[in-house]
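J.: What follows is a structure written as structure tokens; I'll ask about it next.
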Amino acid sequence: MASIQARIAEELGVKEQQVQAAADLLDGGATVPFIARYRKEVTGSLDDVQLRTLEERLRYLRELEARRKVILDSVREQGKLDAKLEAAILAADSKGRLEDIYLPYKPKRRTKAEIAKEAGLEPLADLLLKEPQHVPQTSAEPFVSAEKNVADVAAALDGARAILTERFAENADLIGALREEFWANARLKSEVREGKKEAGAKFSDYFDFSEAFGKMPSHRVLALFRGEREDILGLTVEPDDPATRPPVSLYEQRIMRTYGIADQGRPGDKWLADTVRWAWRTKIFVTLSIDLRLRLWNGAEEEAVRVFAANLRDLLLAAPAGARPTLGLDPGFRTGVKVAVVDATGKVVATSTIFPHEPQRRWDEALAILARLVREHKVELIAIGNGTASRETDKLAIELVKGLSDLKLHKIVVSEAGASVYSASAYASEELPGLDVTLRGAVSIARRLQDPLAELVKIDPKSIGVGQYQHDLSEFKLSRSLDAVVEDCVNGVGVDLNTASAPLLARVSGIGQGLAQSIVSHRDTHGRFKSRKMLKDVPRLGPKAFEQCAGFLRITGGEDPLDASAVHPESYPVVRRIIDTTKSDIGSLIGNASVLRGLSPASFVDDKFGLPTVTDILRELEKPGRDPRPAFKTAEFKAGVETLNDLEPGMVLEGVVTNVAAFGAFVDIGVHQDGLVHVSAMSKTFVKDPRAVVKSGDVVRVKVLEVDKPRKRISLTLRLDDQPGSQPARTAGADRGPGRGAHSGAAGRSHGGQQAGKASSPGGAMADALRRAGLGARN
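To convert, note that position 297 of the sequence shown is 298 in my numbering; the numbers rise steadily by one, no gaps.
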């Protein structure tokens, strides 16, 4: 049996030594970002994606080995572990296969088969299986025994049937083969429960639905299971297509072949065939149905988690507007628009509440208040939350920008998903003491324009609202995946040690919540950090934590220019040698591309620092502290297009991608409802993954294909030569689902693709595609 390391190496297509090195580092407390960035020589330059996969597989295979040991010990204690069984257990390559093998030996309640064996009926079962020329009734007569509770021939044959049924059901090789055949041929069928048509209208596409297991996309699976949980749909598993089902099912035929059962006109053939049919229908089919429903769910769940994680990564790595004074507007009607001004560092310098909309309609007063705040605090950017009253507030901002044309203000509508979650959090209370909870949302909206990553890390990733059916997913799986994304994003960008919040610091490699708070407390008490070395003065921040975190923390304007770069302090000696070689100083070397590109990395390799590290150092010196995020840009919503009523098929508009799901992308075009670009309308070529075309936050140009005003649905296309009313080419396995909001479930307020029940979609042909995609159901 191959070792865990060898198996992972084969799966990843790398060397076993690389896997072993990475495993040793992970076991020693190193994080994935640290290993990927600063231990390339050790792992052979495994990247963060490979390391995350390695980490997951290492966890799974170690759990598999632990379970294998428990099973071996259990069977050994029973005195049933022979060489063949031990070899089979050792060769099992998955948890499912291991449990199949263990099933006959797994302690369980007394079954009918066990009772039959105790009554001495196993020889009868063996006789009838091996020698079907015997008449079952005649063969059973000697086994009738009142003393053993075998009342008559029928009871004896029932006991023999129970023994064979259990034998068939516990044959690991047979069950494994049947499971795969079942997966390849079975279908999941759904029907509406009696009296639930009206209440379950959002699931209408599934009132009479059937599809092969292997063809259903994840969002469709999740929609079906949600319909079942809400008691709208009844789900049944069909082992094959009823229209083509043979008299003896494929599964029964396989069982019969395995045990040499055939209809040759012998007295026992019919009894054996009936026993196979009984075993299949009463035991094996039931077990496999449960197994494959679970497999279907797990696959859909994994895909949904992957989509959520990918969208979260895009959102966290969205372009920051930068350190510029910003006015945040949290829109509202009756309760007013909450206003917050933050300076270039994100510090709150002013707050207010204005009432420009219904019912107060104090428009001019609102403009005057905003104009005063803008001039007083030299505001450069206006961030407008995209929730209720967003478009009306955007009009206010347009008028403000026009009235203050000398200031060159820029307004941007931003997602406010999760803002209310942040506002009510304990951290918000600590960070913004004395500030009313209703105003904290405006602060968050302003800050997330300045730096989305720094602000969004304060919110539980699940509350940001870029997933599908997230409330149906495993809390543990989702949290682990999203936490890994946040960790990778934060460390990929780097963190300013002197301005970072505790939640942001807590995501840095080697720093948890406790150390993050210690760093902030030390900074508040002793002032800004002037060098990375000063981190060692922070209570409880030991050598290991320093090793893990130092390279990801930046200090601008500190004592050593290298502290503002991604060069790890342990590599500073390499930089000193580069300085000596170039006969320059650090100030003139940093950013000097002509000098740095003229150096040979191999010249600075030694027994401690290899070629990958030296190459990274030279690249970093050329552009120290470079931000991997894209340059900031905004979509310009078309003037005069403010509501669904303003939209016309054929319009070409600019918008922002708010969410990407397996079936397409949602785009905010400034009319309160996000439109859907179905995956079939993204490109003239086949698109398997919409994220290969667009990502959350992308600014795109789209054409309006259809507008369904009564249902508030918009169909868009990225193919600008598509004609309105045309049906985009449908991809194989067209999406299906229960209506709006299937991708969502976010806490917090937003519109479009960010919150349940507010995503829009096309009418007509595209409405069908949208329903199939799993939208329309409120969480």
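Note that CB positions come from ideal geometry on N, CA and C, so glycine has one too.
Assign Leu717 to one of two classes, buried (16 or more other C-beta atoms within 10 Å of its C-beta) or exposed (fewer than that).
T.: Buried.
J.: Would you mind sorting Leu295 into buried or exposed? The rule is 16 or more other CB atoms within 10 Å of its CB.
T.: That one is exposed.
J.: For Ala636, which residues of its own chain have a beta-carbon under 7 Å away from its beta-carbon, when the five flanking residues on both sides are left out?
T.: Result list for Ala636: Glu655, Gly656, Val657, Val700, in chain order.
J.: I believe Ile5 touches Glu66 by the beta-carbon criterion, under 8 Å. Please report the beta-carbon distance rounded to the nearest angstrom.
T.: About 7 Å separates the two Cβ atoms, so the contact holds.
J.: By the 10 Å Cβ neighbour count, where 16 or more other Cβ atoms means buried, how is Leu622 classified, buried or exposed?
T.: Buried.
J.: Measuring CB to CB, does Val20 end up less than 8 Å from Ala10?
T.: Yes.
J.: For my contact list, Ala559 and Lys531 are in at a C-beta cut-off of 8 Å; report their separation, rounded to the angstrom.
T.: Looking at the sequence itself, residue 559 is Gly, so the reference to Ala does not match. Contact flag correct, Cβ pair sits at about 5 Å.
J.: Using C-beta distances below 7 Å, list every residue in its chain close to Tyr103, excluding the 5 sequence neighbours before and after it, in chain order.
T.: Hits under 7 Å: Ile72.
J.: Output the distance between the C-alpha atoms of Leu13 and Leu55, rounded to the nearest integer angstrom.
T.: One C-alpha to the other measures close to 8 Å.
J.: Helix, strand or coil: which one does DSSP assign to Arg712?
T.: Three-state DSSP puts Arg712 in coil, outside helix and strand.
J.: Does Gly676 come out as helix, strand or coil in the three-state DSSP assignment?
T.: Gly676: strand per DSSP, three-state reduction.
J.: Between the Cα of Leu165 and the Cα atoms of Trp272, Pro108, Ala93, which residue gives the shortest distance?
T.: Looking at the Cα atoms, Trp272 is the closest of the given residues.
J.: Round the Cβ separation of Ala447 and Leu328 to the nearest angstrom and send it over; I've been treating them as touching at under 8 Å.
T.: Confirmed, about 7 Å.
J.: Would you kindly report the start and end of the unbroken beta strand (DSSP E) that includes Phe667?
T.: Segment 665-669, the beta strand (DSSP E) holding Phe667.
J.: Return the first residue and the last residue of the alpha helix (DSSP H) that Phe135 is part of.
T.: The amino acid occupying residue 135 in the given sequence is His; Phe does not appear at that position. Element bounds for His135: n/a, residue is neither H nor E.
J.: Under three-state DSSP, which class holds His378?
T.: Correct three-state label for His378: coil.
J.: Tell me whether Glu167 is buried or exposed, calling it buried when 16 or more other Cβ atoms sit within 10 Å of its Cβ.
T.: Its Cβ being crowded by 16 or more others within 10 Å, Glu167 is buried.
J.: Three-state secondary structure (DSSP) at Phe210?
T.: Correct three-state label for Phe210: strand.
J.: Verify whether the separation of the beta carbon atoms of His523 and Ala551 is less than 8 Å.
T.: No, Cβ-Cβ distance for His523 and Ala551 is not below 8 Å.
J.: Report the residue from Asp497, Tyr252, Lys639, Val414 whose alpha carbon sits nearest the alpha carbon of Arg529.
T.: Arg529 has its Cα closest to that of Asp497, out of Asp497, Tyr252, Lys639, Val414.
J.: Using the three-state DSSP reduction, which class does Asp315 fall into: helix, strand or coil?
T.: Note: Asp315 maps to helix in three-state DSSP.
J.: Apply the 10 Å Cβ neighbour rule to Gly749 and answer buried if 16 or more other Cβ atoms are within range, or exposed otherwise.
T.: Confidence at Gly749 is low in this model, with a pLDDT of 32, below 50, so its placement is unreliable and the value that follows should be read with caution. Classification for Gly749: buried.
J.: Just to check my reading of the structure: Gly215 and Arg98 have Cβ atoms closer than 8 Å, yes? What is that Cβ distance to the nearest angstrom?
T.: Not a contact, Cβ separation roughly 20 Å.
J.: Give me the DSSP bridge partner(s) of Thr327.
T.: Answer by DSSP bridge pairing, in chain order: Val343, Leu382.
J.: Could you say if the segment 339-350 and the segment 642-652 meet the contact criterion of at least three C-beta pairs nearer than 8 Å?
T.: At 8 Å Cβ cutoff, the stretches do not touch.
J.: Is it buried or exposed, Thr394, if we count other Cβ atoms within 10 angstroms and call 16 or more buried?
T.: By the neighbour-count rule (16 or more Cβ atoms within 10 Å), Thr394 is buried.
J.: Hey, Gly457 and Leu619: beta-carbon distance below 8 Å or not?
T.: Residue identity differs from the one stated: residue 457 is Leu in this sequence, not Gly. No, these two residues do not count as a Cβ contact at 8 Å.
J.: Would you mind working out which of Val576, Ser482, Arg282 sits nearest Glu239, comparing C-alpha positions?
T.: Nearest of Val576, Ser482, Arg282 to Glu239, Cα basis: Arg282.
J.: So for Ala93, helix, strand or coil by DSSP?
T.: Coil.
J.: Taking Ala173 as the reference, which of Lys584, Pro248, Ala141, Ile90 has the closest Cα?
T.: Considering only alpha carbons, the answer is Ile90.
J.: Would you mind giving the Cβ-Cβ distance between Phe664 and His679, rounded to the nearest angstrom? I have them listed as a contact below 8 Å.
T.: The pair is a contact, with the Cβ atoms about 7 Å apart (cut-off 8 Å).
J.: Can you name, in chain order, every residue of its own chain whose Cβ lies under 7 Å from the Cβ of Ala244, other than the five neighbours on each side?
T.: Within the same chain, Ala244 has no close Cβ partners at all.
J.: What would DSSP say about Ile355, mapped onto helix, strand or coil?
T.: Three-state result, Ile355: strand.
J.: Only counting the same chain, and skipping five residues up and downstream in sequence, which positions put a Cβ closer than 7 Å to that of Asp209?
T.: The answer, listed in chain order, is Glu192.
J.: Quick test of your reading: Arg69 and Ala88, contact by CB under 8 Å. State the CB separation rounded to the nearest angstrom.
T.: The Cβ separation is near 12 Å, so there is no contact.
J.: In chain order, what are the residue ranges of uninterrupted alpha helix (DSSP H) at least 4 long that sit wholly in the segment 387-423?
T.: Within the segment 387-423, the complete alpha helix (DSSP H) runs of at least 4 residues are 391-404.
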